[in-house]
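Each residue of the sequence shown is one higher than the last, beginning at 39 in my numbering.
Where a beta carbon is used, it is the ideal one built from N, C-alpha and C, also for glycine.
Taking it in order: structure first as structure tokens, then the write-up.
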Amino acid sequence: MNLIEQHASFGGTQSVFRHTSKTLNCDMTFGIFVPQHAEGTRLPVIYWLSGLTCTEQNFVTKAGAQAYAAEHGVIVVAPDTSPRGDDVADDPAYDLGKGAGFYLNATQAPWAAHFRMYDYIVDELPALIEANFPVSERRSIMGHSMGGHGAITIALKNPGRYRAVSAFSPIVAPSQVPWGEKAFAAYLGPDRETWKQYDATALLASATERLPILIDQGEADNFLAEQLKPEIFTAEAARHNHPVTLNLRLGYDHSYYFIASFIGTHIAHHANALKA
Ligand SMILES: N[C@@H](CCC(=O)N[C@@H](CSC=O)C(=O)NCC(=O)O)C(=O)O
């Protein structure tokens, strides 16, 4: 692991590291905020998953999470959104290939060689963090848009692994919206049955843990009607008695201005669950 940058922030440190990922078969970067803490203590950790076109930098520099993580004494890890490098397959469009890993394990050429973001986020990255930073086994997960899809699906597929899950403007029904249909067809192939394993709405029926899901959604979000459709998810959650809180925020769009406005309430929500 190599340190790329480090800054003092709210009494703690915001760093970016690079490491070689065996899962993704390439070098990856991630951001990590570690609050001030007593020597020898281990802190709970929140994993943040970013959206389309992002690297770790978008969250680290725009969300304003450090102040709240410092206040609550939680570590926050923000990985990149896809494998990177010259030999990694890509597409000219912003919603496929690099920057658009969709937090799944691709099965189709040319993607399958590197695009295994599901295994990276669930297994390799936490193992790396737990071996090198003062984290406890109390972990939670949150994300934005494509990263909200990642956070919710990963929590639903891994009962007992996360103590809280939340999302900003998540893609909750990828099999039913253009972003998801395009990415899932490319990464997983045309058989829609295989898509269900990464579709939050489809996963609700078989979930074995009813971990409450907190969602904040901007009402003025340009992607709301075509790509996000939270009403599909809340209706299915109600059918399965899965607790979902959907806060519709008047006037807010899809941007990090929205995330920064409510990241404090999400980190407080996670901290409560992580410390309970
Ligand atoms: N470039 C695209 C839209 C890209 C975009 O809005 N990306 C969002 C996430 S969207 C869902 O995953 C984002 O977080 N961007 C980074 C940022 O710093 O705002 C277009 O123009 O349509």
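With DSSP run on the structure shown, which of helix, strand or coil describes residue i?
i	result
D344	Nothing can be reported for residue 344: it is not among the residues displayed for the chain, which extend from 39 to 314.
R230	helix
V98	helix
P212	helix
V283	Note that residue 283 corresponds to Thr in the displayed sequence, not to Val. In this structure, T283 counts as strand in the three-state DSSP scheme.
Contact check, residue i vs residue j under 8 angstroms by CB: the rounded distance?
i	j	result
K100	A224	28 angstroms between Cβ atoms; not a contact.
G89	S183	3 angstroms
W86	V114	6 angstroms
F315	A116	As shown, the chain starts at 39 and ends at 314. That puts residue 315 outside it, with no answer to give.
F271	T246	Going by Cβ atoms, the distance from F271 to T246 rounds to 18 angstroms, so no, they are not a contact pair.
G135	D129	4 angstroms
S120	A138	6 angstroms
K313	P82	7 angstroms
R268	L249	In the sequence under discussion, the amino acid at residue 268 is Pro, which differs from the Arg named in the question. That belief does not hold up - the Cβ atoms of P268 and L249 are roughly 18 angstroms apart, past 8 angstroms.
Using CA atoms only, rank isn't needed, just tell me which of the options is closest to residue i.
i	options	result
T232	A275, F261 and A144	A144
F300	N170, N310, A311 and L286	L286
S53	I42, R277, E269 and G78	I42
N96	L142, G181, P130 and T79	G181
G188	I70, H308, S293 and Y156	Y156
G69	G78, E94, T51 and H45	E94
P212	N196, R230 and F171	R230
CB of residue i to nearest heavy atom of ligand 1: below 7 angstroms?
i	result
M184	yes
T91	yes
S120	no
K136	no
H308	no
Y236	no
Y225	no
S293	yes
S88	yes
Is residue i near residue j, with beta carbons less than 8 angstroms apart?
i	j	result
H152	L62	yes
R201	A311	yes
V282	I251	yes
L241	Q255	no
G111	H75	yes
Give a yes or no on whether 8 angstroms exceeds the smallest Cβ distance from residue i to chain B.
i	result
A165	You won't find chain B in this structure, because it holds only one protein chain.
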